[in-house]
Structure formats: C-alpha cells, structure tokens
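Notes follow the structure.
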Amino acid sequence: MTAPLAGLHVVELANEISGSYAAKLFVDLGAEVTKIEPPAGDPLRRWGPFPGGPKGVADPERSGLFHYLNAGKCGATLDLGQPDDLAAARELIARAHVLIEDFVPGTLESWGLGPDALGRLNPNLVLLRISAFGQCGPWRQRRATALTVQAASGWISARDPDRPPVQVGARISEYVAGGYGALGALTALRLPPAGRVREVDVSQLEALLSTLPYPMLMAQRMQRLGLPPNLRSAPMLGVVRAADGWVGINCLTGQHWLDVCAMLGLPEYGEQQIAIMLGGPEREEFFRKAQPLLAHQTVAEIVELAQALRIPAAPVNDGATVLDCPQYAERGFFVQSGGPGWSFKRPGAAFRFSKTPVPQPRPAPRLVAIASAAVGAPPACGGPGAAGRHHRTRPEPWATDARSLSVTEGPLTFSGLRVLDLTTFWAGAYLTCYLGAFGADIVKVESIQRPDGHRYSGAFAYEGDDWYERSPIWQGTNLNKRDLTLDLTSERGLNIARRLAAEADVVVENFSPRVVEQFGLDYESLVALNPDVIAVRMPGYGLQGPWRDYVGWALNFEQTSGMSAATGYPDGPPCNPQGPADPIVGVHAGVALLAALEHRSRTGVGQLIEVAQIEVAACVTAEPVIEYSMTGVVRPREGNRRRGCLQGVYPTSAEGVWVALSLPDDGRLDHDVFDELVAAWTRTQTAAQVVETLRTQGIPAERVITGDQMYDADLIGAQLDARGYYEELVHPITGPHRYPGWPFRITPGPARHHRAAPPTLGQHNDEVLGGLGLCADEVASLRAERVIGERLLNA
1 MTAPLAGLHV
11 VELANEISGS
21 YAAKLFVDLG
31 AEVTKIEPPA
41 GDPLRRWGPF
51 PGGPKGVADP
61 ERSGLFHYLN
71 AGKCGATLDL
81 GQPDDLAAAR
91 ELIARAHVLI
101 EDFVPGTLES
111 WGLGPDALGR
121 LNPNLVLLRI
131 SAFGQCGPWR
141 QRRATALTVQ
151 AASGWISARD
161 PDRPPVQVGA
171 RISEYVAGGY
181 GALGALTALR
191 LPPAGRVREV
201 DVSQLEALLS
211 TLPYPMLMAQ
221 RMQRLGLPPN
231 LRSAPMLGVV
241 RAADGWVGIN
251 CLTGQHWLDV
261 CAMLGLPEYG
271 EQQIAIMLGG
281 PEREEFFRKA
291 QPLLAHQTVA
301 EIVELAQALR
311 IPAAPVNDGA
321 TVLDCPQYAE
331 RGFFVQSGGP
341 GWSFKRPGAA
351 FRFSKTPVPQ
361 PRPAPRLVAI
371 ASAAVGAPPA
381 CGGPGAAGRH
391 HRTRPEPWAT
401 DARSLSVTEG
411 PLTFSGLRVL
421 DLTTFWAGAY
431 LTCYLGAFGA
441 DIVKVESIQR
451 PDGHRYSGAF
461 AYEGDDWYER
471 SPIWQGTNLN
481 KRDLTLDLTS
491 ERGLNIARRL
501 AAEADVVVEN
511 FSPRVVEQFG
521 LDYESLVALN
531 PDVIAVRMPG
541 YGLQGPWRDY
551 VGWALNFEQT
561 SGMSAATGYP
571 DGPPCNPQGP
581 ADPIVGVHAG
591 VALLAALEHR
601 SRTGVGQLIE
611 VAQIEVAACV
621 TAEPVIEYSM
631 TGVVRPREGN
641 RRRGCLQGVY
651 PTSAEGVWVA
661 LSLPDDGRLD
671 HDVFDELVAA
681 WTRTQTAAQV
691 VETLRTQGIP
701 AERVITGDQM
711 YDADLIGAQL
721 DARGYYEELV
731 HPITGPHRYP
741 GWPFRITPGP
751 ARHHRAAPPT
761 LGQHNDEVLG
771 GLGLCADEVA
781 SLRAERVIGE
791 RLLNA
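Residue numbers for the sequence shown follow UniProt numbering, beginning at 1 and rising by one.
Right under this line is the structure:
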C-alpha cells in the first residue's frame, strides 16, 4: 500500500529537536526526507544516550536520540560554506516540496538561501522555519534556550512554595514546535501555488503558549470575578506514593472525589473537596490518613481498583516501568531500533491508519552518507555501503518527479471540508477548532442533557442561568464551529447524527471507545453510512488492549507516558506538566488527518485514524525510555538543570517573581556554587534589570511569566502583538476577548487565525437542521421533546 505522502520530497536543515521531529513526522507518513548535516554532524549525535551509559563511548553513529528522530531519512553531509556543497544543497532544494530549518533567524540568509533566493530556485517551495520567537517582532534576534522559552511562555510552574518554580523535563517542550511545524507545513501545502516561496513561520514561544489551558483567558475571568487571577488548585489526589512506586489519582468531577473517599474508607471528607484542593488545613489532615492506606497497595492494585470505580487513575511511569506497562506492551508500541551490535527500544508512530499503515523505518543516516541519485538507495540512507565515502561528494537530486499534494479549491485550506465533531473536553475539540479556523464547516454535537464537560471548567453555577456559557477554557477550544444539540439516547437524535455522518468528510471523536460504539457511531458503522469517510478516533488508551476502556484525561496520559516522572525536583515527587498532553494530541491528529485527506484525494478511499493519547505523549517523551533501554539507567529528575548548561530559576527582589537564565557549562564551575552566586545577585535586582543586564551580554534570560501577564505589553505582549498572535472576537454572552491563535504564520496565506467566536449551546440548531431539510414544524417537535435545545436542562 502506498504511503499517504509518498512522492513528497523534504529537505531538512536542522540542528535541534524541533526541526528533526517535524521531519520525522513526514517520514512516518511516507515522505522522502534528506537531512543535510555539516561535516561535524547534527549536535544531537553527540547528545546521546550512548550504549554503555555515561561511561560509554560517545559514538556519533550510536546516539539513541539522534536515531529516534532521524530513522528513515537519507543523508547528505555538506559544508554550506563551500561553493560546491552549497550548489549540491541548492539542487536538492530545487526539487523539494518542503525545506525545514530551525536555526536562529538570519542563518539561511547568510548562506544565500533566504526566501527571495529560494524563490528563484524553487518558487513553489514551502519553507518551514522554526525559531524561538519567530522570524519577526522585537524579540526576533533575542537569545534563548529551552529553559528561557519555557519561562517566557508560562511552562515553568510553582510546585513547592519554598522552592523555585520548575520546568517541564525530558526536553518535551522542544518537540512541541516540531509538531506544530509539521501541521503548518502540511496546511500550507494544500494551498494553491503562489508563485513564490510560502513561509511557515513557527514561534516556539507561541507553540508553548498554545498548549496551555488558556491561562490568559482564565486570569482575565478571575480578575473580573474579583478572585486571584492565577488561582490554581491541585488536582486530587495527584501523584501519591504506593507500595512500589508512584501512582496518579486524578479527580475531574465531584463524583470522582466521592468515589475516591469511599475507596479509601474516608467518606467523611466527601464534602471537603474544595478546601482540600486549595490547600487548607483539611488537606494535611486528609493526606495524613490517606497516605498510609495507599502505601500498603501496589501501583497496579490501586489503578485496577480505581478504574473499576471509574476513577481516572494511572501509574506514574519512568523510562523503565513504561516498557512494562500492559497497554503499551500489548499494543506493541515500543519498537526495536539501532544497528549491528547495539539496539534500543523507542516509541513507535504517534498515529495508526487502517489503510496506510506506518512502516518500520530504515536506519538513520550515517554521518558520511551522501544522497544518491536513487532516493532510498542504501548508501544514501545509512546502509552498509555508506561507510568511507567522502562527505564532500556531490549529491544528486531525486531521480523521480516530485508529486505535489492536492490543493484546496476554495479560498482557505479546508474550504468545503465537512466535519462532524463528536468530541468532548480538549484534545479532539482542539483539532476541530483548527480545521474550522482554516475553512472547514464544523458541526459540533453536544446535548442539553449532557453538554461538553469542558463547559464546566472555569464556570461557576452561582453566576446565573447561563453560567455554563462562561468557561474561558471551553471558549478557547471551540471557536470556528456551529453548535448543534442532539440527545443521542433518543432515536430521533441518533438518526440526525447518522444523517450528518453520512454527509461528512470527516468524523472526529475522543471519548473512551465504548461511548461511540454503543451509539453505533464507530468506524464500521460510519462506513456503512458513508464509504469514503475518514474517522479520527482519539481514545485515551487506544482502541485495543487491556486498558481500552479505562477512563482518563490529560494528567493520566502525562503520568502513563513518562512526562510526569521526568518533571520535578531531583529529591521530590514526580510533577504533572498540567498542560501539553491534550493539544499535542490534537496537533498530531491534525498531521495524520491531512495525510489521510491526501491519500483519499488520490485514491478515493477513506480510512480510520487512531490516535491513542498515551502514545502521542510517549512520542514526545522519548529520551527516558531510549536511555533506559540502552543503558539500564533511569536518569533522575533534573529540576531546572540540563546537561551542558549552567542554568536555573532564581529569585528577584520582588516576592514571588522569578527569572530563568542559561549559560554554556565549560566544566570549570560547580553547579551548586553557580546557583548560590547567581541567586545572591538576582535577589538584589528586579526581573527587568536581570533580563536587560544579561541580554546586553548575550546571555539568555527571561522572567517566569504567569497567566495574568500574558497580555502585558511590557513583558511578552509586545512580541505576541507584533506577530498577531491574539485575535479579538465577541462572544454572544461574555463579550469581547483576545483569543490565542495558532503558533505560526503562513505567508502568503490566511490573514487571520480564527473565523468565528465560540458558539452558545445549540446556537445553530435551526441552521444545521434546516440544512438537512427539516421543516420548522419538525424542528419545533424536536425542541418540544428535548432532543434539541438551547439551554442546559435543569440549569
């Protein structure tokens, strides 16, 4: 079977995780990717991990992370400062559809490969550019590291009132921009040729902001209610000790809390959920009683009992235990990689297709490998014949003609695409929000009996009859949609849903598998209604496996995948990132969907796309499992540190205000001493003074931003406004809001991030049902029977 992106040619010029990961996603979908490396090789070749652990030989051909990110790519080792090698690179680019780069702005231009020069070379090229702050704006040339970008985006969070806020670990943040980059490039490829290079300009800062649960909207709402703007409650119970490790128990509803109290034999705390979440004295008392009960049970026993009660619970896996997780194991998710004499386990693909399965990739390219005339020939792609060939050999362009992707027939990328949105909460809704932003007609289905549960996030019943319309988190994820209410437990409501499915190009859902299956809206049922439909199913744990019916949400997936185990203080418990899992899943589902749409445009065949949320989370948390499988070592949590850097998060002269900074580690200074010296100085300075002083010396430093500061022009607001990241739309009930957009700009391309404000419950009932041919009397009858409605039942 032909891969969905077969015949698409990509050239990669990347020296970071973000660009390499974007190109990896193209490889997974069948594109032919040639990675151009300098003679010294991609820096990730020297990062490791290497066989034998920290004392093993740092062999650039045996770097586990490099192999994970670059498996299946062809290689060309070229010095772009040399005319012959630059000419060879230009030949490859001239025949490519996509060029990916993740250097600091201006680097391509220094090689004579800026957009104007590339336009003369290949006017139909899509140029994907990933940088810390983007290619424009006052911060364009600002120095940055992963830590300082996390600080500026709100990813560094307070975990302990007596210690500095801490970053998200395992370099997860660096994968995020790569995922958005692949999505943006595939979106741009669907636009008709513009006669000039089309740039996709990805900002890592904006990418990280885009994966947070709308803290700027939430802070603004809290301020209007007279509440603390950055009020954050700890999810209960959170990460707790079991007899043999850590376990996450993540109450999402009041019923979950009551069930946990009953499970622990502590029903007297059932009415104290809010006080315990907010950290009152009741919290200490509760945990003093609960912890001994949990400590006498294993992780597996707690998870099994909790899930039997439909409580979202999951193991907190690290690089070792994740390999033993029954769900990953039975699904065969982790795959063997490496080469002769060495091997390791790494995550498989982030998505699964029923008609175009992701193949096992070839090995990563060797440093001396040269792209040959026949793309895919062993010498070009790390095969046995590659060793010993001189890196200055001139590579030839692809021998076969490039095959362009199918392009849209309307003014926007997804014009004419009809999408039935059966999603709830965040991951699935994030995908459909994106599709709607670029032209798709999204019909979102919820009901007055059971609306989307995300409506209750940040909404309070005391605000009046329309309180469920006021959630900033729901609003941020549901722009660009038409809202239809249908009671799917009624025959009439279910029949209407089936009619909509029969006319849809795409159906998206992210419930646990049994939900849509009991309504007869699973893929097999949809195909009977609509043979060429593309169904995107995004279950938490996957459609098969012993945990398929487990309940879970973002925190569960962060815990199961290893995200939480990699985040936190070295001597403290694992910490939940509390943000990225859901939207990152939505981004990967979008990448897979665009590939499936291309496959259908060529073959007329739809298919099922399965995006298991725990698998996407594991794909962007790859290094811990790679390292353990290569070395038998689980690396301790690093707090705010990172190999090769002297860095940290430090106090300032203002209470509760922190700064993050990074320096290269030349090995001459002990890190603990460095921290003491830096903290002694930063305590005497304001955050602005620290950042400005270090910035003038070329040292990356940023203030640690909180939600209420994300619109502030004196902090990050000026950069975001210069790039048009926020767009103001007017909600029918809560009025105007500046909603976050997408973390890239496509030029030339759509001028706006969003097309419409988030709808109210059932706002488009008459419009959607009229479009199906129902007359006014039929619609009135549906409303009278409460199959549809515009107000929450019993609100």
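Backbone N, C-alpha and C define an ideal beta-carbon position, used for all residues, glycine too.
Query	Result
Length-filtered (4 minimum) alpha helix (DSSP H) runs lying within the stretch 630–685	671–682
DSSP beta-bridge partners of K345	Q336
Through-space distance from M710 to F133, alpha-carbon basis	15 angstroms
First through last residue of the beta strand (DSSP E) which encompasses K35	E32 to E37
Boundaries of the alpha helix (DSSP H) in which C74 is found, first to last residue	Premise fails: C74 lies in the beta strand (DSSP E), C74 to T77, not in any alpha helix (DSSP H).
Backbone CA spacing between L669 and P164 [nearest angstrom]	21 angstroms
Continuous alpha helix (DSSP H) assignments of at least 4 residues falling wholly in the stretch 701–743	718–722
C-beta atoms of N124 and L555 nearer than 7 angstroms	no
Cβ neighbours of H256 in the same chain (closer than 6 angstroms, five flanking residues each side left out)	I311
Segment limits, alpha helix (DSSP H) that includes L147	A146 to S153
Classification of S110 by the beta-carbon crowding that lies within 10 angstroms, buried from 16 upward	exposed
Local Cβ density within 10 Å of Q607, reported as buried at 16 or more and exposed below that	buried
Inter-residue Cα distance where the pair is V633 and F351	28 angstroms
Residue closest to P38, alpha-carbon to alpha-carbon, out of L13, R46, S18 and V625	L13
Identity of the residues DSSP links to I100 by a beta bridge	E12 and L128
T693 - containing beta strand (DSSP E), residue span	Taken as a continuous stretch (DSSP letters only), T693 belongs to no beta strand (DSSP E), being part of the alpha helix (DSSP H) at A687 to T696.
Of the residues I716, G552, E692 and R537, the one placed nearest T253, counting alpha carbons only	G552
Residue range of the unbroken beta strand (DSSP E) whose run includes G458	G458 -> no beta strand (DSSP E), and no H or E assigned at all.
Which listed residue (P411, F674 and A618) has its alpha carbon closest to that of Q647	F674
Option nearest V126 by Cα separation, candidates P83, R196, V445 and V368	R196
Inter-residue Cα distance where the pair is A373 and G338	Confidence in A373 is poor, its pLDDT being 33 and thus under 50, which makes the residue's placement unreliable; the coordinate value appears in the next sentence. Distance between the alpha carbons of A373 and G338: 26 angstroms.
Residues near F438 by beta carbon distance below 8 angstroms, same chain, minus five either side	T187, L412, T413, F414 and P750
Length of the line joining the Cα atoms of L593 and Y456	29 angstroms
Contact between the stretch 95–103 and the stretch 205–220 (3+ Cβ pairs under 8 angstroms)	no
Local conformation of R198 per DSSP, three classes	strand
Any non-hydrogen atom of the ligand COA within 6 angstroms of N530 CB	Absent from the structure shown: the ligand COA. Ligands present: none.
The stretch 37–56 touching the stretch 197–205, judged by at least three CB pairs closer than 8 angstroms	no
Cα-Cα separation, L147 to E206	14 angstroms
Neighbour-count burial assignment, I274, 16 or more Cβ in a 10 Å radius	exposed
Inter-residue Cα distance where the pair is V625 and E517	34 angstroms
Residues near G644 by beta carbon distance below 8 angstroms, same chain, minus five either side	P664 and D665
Alpha-carbon spacing of T684 relative to V678, whole angstroms	10 angstroms
Residue 800 versus D532 - alpha carbon distance	No answer is possible for residue 800: it lies beyond the span of the chain, which begins at 1 and ends at 795.
Distance, T145 Cα to C433 Cα	30 angstroms
Sequence-distant residues of the same chain with beta carbon closer than 6 angstroms to Y269, five excluded per side	C261 and F286
Residue nearest to Q204 in terms of C-alpha spacing, selected from W742, Y214, L792 and A306	W742
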